[in-house]
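Contents: one structure, followed by commentary.
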Amino acid sequence: MPRLIAFRFRCGSTLFGVLACLLLTIAMAPAAAVAEEEWVRTFVRFVDWPMSPADNVIVVCQPHEAVPLALNGVQIGAMTLQVMPLKRARDAERCHVFSAMSQREKQWRPWLASFRSRPILVMGPGSRFCETGGAICVVRDDATGAEKYRVNLDAIARAGLKVRLPLLRHQRMGKPNAE
């Protein structure tokens with residue numbers, strides 16, 4: 051009987067220790083982490099396309115294997131967002147935005163070349179994304195853990211897009227809600 055009690059105590063304390071570690075990990079995650087949807091809303095708000103979108107609908111495309119963005123029907127000014135999963139890059143003729151934020155480099159790299167010189171706002175994670183042709187990349191500040199973004203003006207110009215000044219002004223600060 052005492053062995054059973056000791057075993058239960060060890061199991062209970064081990065479970066408690068694991069749960070405590072998990073909670074500490076969650077609590078220590080940077081509070082500055084911004085949802086992918088918030089980045090998309092911010093960037094769309096401050097970018098102009100060469101031609102006005104048909105029916106005032108901005109089509110946000112993402113790889114079909116990515117977790118779907120919760121942006122269908124979201125209003126940004128007079129525009130409505132519509133999310134569309136893509137299986138192949140050549141299916142992107144309706145896209146205004148391509149988000150590879152939740153993808154790793156080997157997953158998003160093949161998409162970048164196909165979007166070059168097309169009026170698509172291509173956004174993704176890490177500075178390598180901008181270095182290899184992405185228009186906007188979200189990077190984590192090593193010192194603070196906060197997410198910030200960088201705008202690749204060459205990629206923006208190649209795509210024929212225009213970025214409004216507030217987006218450029220706040221890129222180093224990482225404010226997702228540029229005024």
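With positions in the sequence shown counted from 1, the corresponding number in our numbering is that position plus 50. We treat Cβ as the ideally placed atom computed from N, Cα and C, and that holds for glycine.
task = Could you tell me which residues DSSP pairs with Gln112 in its beta bridges?
result = Counting from one through the sequence shown, the residue named residue 112 turns up at place 62. Residue pairing by DSSP places Gln112 opposite Pro135 in a beta bridge.
Terminal residues of the beta strand (DSSP E) in which Phe148 lies = Here residue 148 refers to the residue found at position 98 when the sequence shown is read from its first residue. It spans Val147 to Ser149 - the beta strand (DSSP E) in which Phe148 sits, taken as one unbroken run.
query = For Val94, is the beta carbon positioned less than 7 Å from some heavy atom of the ligand SAM?
reply = This structure lacks the ligand SAM, and indeed carries no ligand of any kind.
key: Stretch pair the region 101-108 + the region 134-143: three plus CB contacts closer than 8 Å   = They do not touch, by the three-pair rule.
task = Could you pull out every residue in the same chain whose Cβ sits closer than 6 Å to the Cβ of Val29, ignoring the five residues on either side in sequence?
result = Only positions 51 to 229 of the chain appear in this structure, which leaves residue 29 out of reach.
query = Given that a residue counts as buried once 16 or more other Cβ atoms are within 10 Å of its Cβ, and exposed if not, what is Arg91?
reply = Stepping through the sequence shown from its first residue, residue 91 is reached at position 41. Under the 10 Å beta carbon count, Arg91 is surrounded by 16 or more other beta carbons and is classified as buried.
ask   = Ala116 to Glu86, Cα distance in whole Å?
value = Here residue 116 is taken as the residue at index 66 of the sequence shown, counted from 1. Here residue 86 is taken as the residue at index 36 of the sequence shown, counted from 1. Straight-line spacing of the CA atoms in Ala116 and Glu86 works out to 12 Å.
key: Alpha-carbon to alpha-carbon, Ala142 and Pro169   = The count along the sequence shown starts at 1 and reaches residue 169 at position 119. The count along the sequence shown starts at 1 and reaches residue 142 at position 92. Spanning the two alpha carbons is a distance of roughly 11 Å.
query = Mapping DSSP to helix, strand and coil, what is Val189?
reply = Residue mapping note: residue 189 aligns to position 139 of the sequence shown, counting from 1. Three-state DSSP puts Val189 in a strand.
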